[in-house]
Amino acid sequence: MDDGRQAKWWSRPATGRPGRDEPESRGGREGDAPSVRPDSPAPTGGAAPADSPARLAAGQKPQEPAPSRPAGPPLHEPDVYSTPPYGGPGPWAPAPPVQRPTPAHGTPVPPQAVPPQAVPLPPQPSPVTPQATPVPSSSSQWLQYDPWGAPGQPLTQVGPPAGTEPGSRKNRRGGAFAGMLLLALVASGIGGGVGAYVERTGGLTTVELPQASHDNGDRAPESVAGIAASALPSVVTLHVSGTAESGTGTGFVLDARGHILTNNHVVAPAGSSGDITVTFSSGETAAAELVGKDSGYDLAVVRVKGVSGLKPLPLGNSDNVRVGDPVVAIGAPFDLSNTVTSGIISAKQRPITAGGEKGDGSDISYVDALQTDAPINPGNSGGPLVDTQAHVIGINSAIRAADSGKGTERGGQSGSIGLGFAIPINQGKRVAEELINTGKATHPVIGVTLDMKFTGDGAKVGEKGPEDGPAVTKGGPAAKAGIRSGDVITEVQGQRVHSGEELIVKIRAHRPGDRLELRLTRGGEERSVTLTLGSASGT
């Protein structure tokens, strides 16, 4: 202006504020004053408008006319700082020049043409017409920037600010409550899981592995565990020592008087002056004395004194045994007391001979044995072979050793290969009764001397007997039945005989006084004879 004074800026409230780049001549709402009043007085001095051709021709600069003052007092106090307020200019002042901020790095500002300097227009009547609310331009966004607004929100919003809609505060409170409730449920679940884990494992740093709970230990009576639990209290371990050797074996209790049955080769190292010690399954020990023994049957009986509460092991019937029946062997293999193994009956009436270490044949035993695959090792000798009712059906006596090359053995340190042999309990019972009652056992005999070098099939009666005597004992069972020297016996009670050892085994499987039917061959002819077994004292 000519007087150098800066124009005062005024504003009045309006629903839509026009931007600074919009013309002043826009109409406001209905009832607002127009931008230029038609009845405003002309500038003092009657000066022509700034764009008058007369003034421009005279070379003078155009002069801005003084702004029109509205009638009546202003709606707002003057701005003492002479700065425009946020929003659009008032209707009585020209729009200020557009101010563009320097954009941040990487933020493009849409190009816009700078509007020319706004100049007042001559007063013209303009009808007041309703107009739609103008949309703020990009330049007005910076003028309407709210520094207290939420980050990331647009600079200009149409309608109420975000979050101020009716019910929004209530929705936020409900969402916050639901979130807190969900967090509490999750936290309680995690806490319960951690507590359960700590209770099971004993802590977060201590490892405890899961384990089955303790049971009462009961097992079915016919199971291996049930059989072992029933039989073990009646099984003992024998430690024998003599002047030249010692050994270990097994035995089992026969009666409450302290009689124990075992193998002859188990007690043999004690001789006539050795020591025999019995150890029970409970760990108690007691000294034992020899009652009787028989090398031909490989059986012996010892007795312990001063021991009460003995539990005899029931005896079964070996004639009732069938191939394939399950069995359990109990003993002290290699001095490992109370060892239990299981298997089946592999065969019956297996003729075996064992012993013979002395060379004169006095220690050879002949057994019509039960064969089993239950593991039997040195130290099992004399122990019981029991059935599913924990009844004794045999006395473990010998094994077949694969590395010995000597056939069946009673002793030594060879291991089991699944070929074990047990004396049938029917034979053991008879011999044990004789040893307890008389101290000796009797052997059934037919009264002949056999040719043990015969290689043919069957058992051949020899030509001469002991001390060059007759091969057929005079007055003996064979002589009475008509058997002669040179006859070959091929069957006993319908069972085939292939050698002299087998004939002895078959004969000793019976009692003295039993009647037997034999088949023999004489001069190419077969004959059948019947005889009654005699008796001889054992050694």
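Heads up, the sequence shown is in our numbering, so the first residue is 530 and it goes up one at a time. Every residue, glycine too, gets a C-beta built ideally from N, C-alpha and C. Quick caveat, the model's predicted, so the values are computed rather than measured.
Evaluate residue i with the Cβ neighbour count: other Cβ atoms within 10 Å of its Cβ, from every protein chain shown; 16 or more gives buried, anything less gives exposed.
{"i": "Ser866", "result": "buried"}
{"i": "Leu1149", "result": "In this structure the chain extends from 530 to 1068, so residue 1149 is not present and cannot be described."}
{"i": "Glu1054", "result": "exposed"}
{"i": "Thr779", "result": "buried"}
{"i": "His1027", "result": "exposed"}
{"i": "Thr766", "result": "buried"}
{"i": "Ala931", "result": "exposed"}
{"i": "Thr658", "result": "Here the model assigns Thr658 a pLDDT of 49, short of 50, so the residue's position is not dependable, and the following value carries that caveat. Its Cβ having fewer than 16 others within 10 Å, Thr658 is exposed."}
{"i": "Asp580", "result": "In this prediction, Asp580 scores a pLDDT of 46, lower than 50, which makes its location untrustworthy; no coordinate-derived value is stated."}
{"i": "Asn846", "result": "exposed"}
{"i": "Asn745", "result": "exposed"}
{"i": "Gly724", "result": "exposed"}
{"i": "Leu964", "result": "buried"}
{"i": "Ile952", "result": "buried"}
{"i": "Ala583", "result": "Low local confidence applies: a pLDDT of 40 at Ala583 is under 50, so the model's placement there is unreliable, with the coordinate-based value given in what follows. So Ala583 counts as exposed."}
{"i": "Leu711", "result": "exposed"}
{"i": "Val1001", "result": "buried"}
For residue i, list the residues DSSP reports as bridge partners.
{"i": "Asp823", "result": "Leu828"}
{"i": "Pro973", "result": "Ser1064"}
{"i": "Leu790", "result": "Phe781 and Val830"}
{"i": "Pro880", "result": "Asp897"}
{"i": "Ala858", "result": "Thr870 and Leu914"}
{"i": "Phe809", "result": "Val765"}
{"i": "Arg1037", "result": "Looking at the DSSP assignment, Arg1037 forms no beta bridge with any residue, so it has no partner."}
{"i": "Asn849", "result": "According to DSSP, which records beta bridges pairwise, Asn849 is partnered with nothing at all."}
{"i": "Thr814", "result": "Thr808"}
{"i": "Ala988", "result": "Ile1018"}
{"i": "Arg1044", "result": "Thr1061"}
{"i": "Gln1024", "result": "Val1021"}
For residue i, which of helix, strand or coil comes out of DSSP?
{"i": "Thr967", "result": "helix"}
{"i": "Gly1052", "result": "coil"}
{"i": "Asp902", "result": "coil"}
{"i": "Ser1057", "result": "strand"}
{"i": "Asn745", "result": "coil"}
{"i": "Gln956", "result": "helix"}
{"i": "Asn909", "result": "coil"}
{"i": "Pro798", "result": "helix"}
{"i": "Val1001", "result": "strand"}
{"i": "Phe706", "result": "helix"}
{"i": "Phe863", "result": "helix"}
{"i": "Asp568", "result": "Any reading at Asp568 needs caution, since the residue's pLDDT is 46, under 50, leaving its predicted position unreliable; the model's value is listed next. Coil, per DSSP."}
{"i": "Gly949", "result": "strand"}
{"i": "Leu712", "result": "helix"}
{"i": "Gly923", "result": "strand"}
{"i": "Ser775", "result": "strand"}
{"i": "Ile1012", "result": "coil"}
{"i": "Leu738", "result": "coil"}
{"i": "Leu842", "result": "coil"}
When you compare only the Cα positions, how much space is there between residue i and residue j?
{"i": "Pro907", "j": "Ile1036", "result": "28 Å"}
{"i": "Val1058", "j": "Leu1049", "result": "8 Å"}
{"i": "Gly703", "j": "Thr734", "result": "41 Å"}
{"i": "Ser960", "j": "Pro904", "result": "Reading off the sequence, residue 960 comes out as Val, not Ser. Looking at the two C-alpha atoms, the distance is approximately 26 Å."}
{"i": "Asn909", "j": "Gly720", "result": "60 Å"}
{"i": "Pro973", "j": "Ala1065", "result": "6 Å"}
{"i": "Ala713", "j": "His743", "result": "39 Å"}
{"i": "Val850", "j": "Gly1052", "result": "39 Å"}
{"i": "Glu992", "j": "Gly1011", "result": "15 Å"}
{"i": "Ala705", "j": "Ser717", "result": "18 Å"}
{"i": "Arg1056", "j": "Gly1023", "result": "13 Å"}
{"i": "His920", "j": "Ile805", "result": "26 Å"}
{"i": "Asp897", "j": "Ser811", "result": "34 Å"}
{"i": "Pro855", "j": "Asp902", "result": "10 Å"}
{"i": "Val915", "j": "Ala760", "result": "8 Å"}
{"i": "Ala1007", "j": "Gly923", "result": "31 Å"}
{"i": "Pro999", "j": "Val1021", "result": "23 Å"}
{"i": "Pro995", "j": "Lys1003", "result": "13 Å"}
{"i": "Leu948", "j": "Ala927", "result": "9 Å"}
{"i": "Asp997", "j": "Ala816", "result": "46 Å"}
{"i": "Ser775", "j": "Thr984", "result": "38 Å"}
{"i": "Thr791", "j": "Gln740", "result": "42 Å"}
{"i": "Lys834", "j": "Val1017", "result": "50 Å"}
{"i": "Glu1046", "j": "Val977", "result": "16 Å"}
{"i": "Ala1038", "j": "Ile975", "result": "13 Å"}
{"i": "Thr882", "j": "Ile893", "result": "7 Å"}
{"i": "Lys877", "j": "Pro913", "result": "17 Å"}
Our contact map puts residue i next to residue j with C-beta atoms below 8 Å; I'd like the distance itself, whole angstroms only.
{"i": "Tyr895", "j": "Glu1030", "result": "7 Å"}
{"i": "Thr1061", "j": "Arg1044", "result": "5 Å"}
{"i": "Ile874", "j": "Arg832", "result": "Rounded, the Cβ-Cβ distance is 31 Å, inconsistent with contact."}
{"i": "Phe950", "j": "Leu899", "result": "7 Å"}
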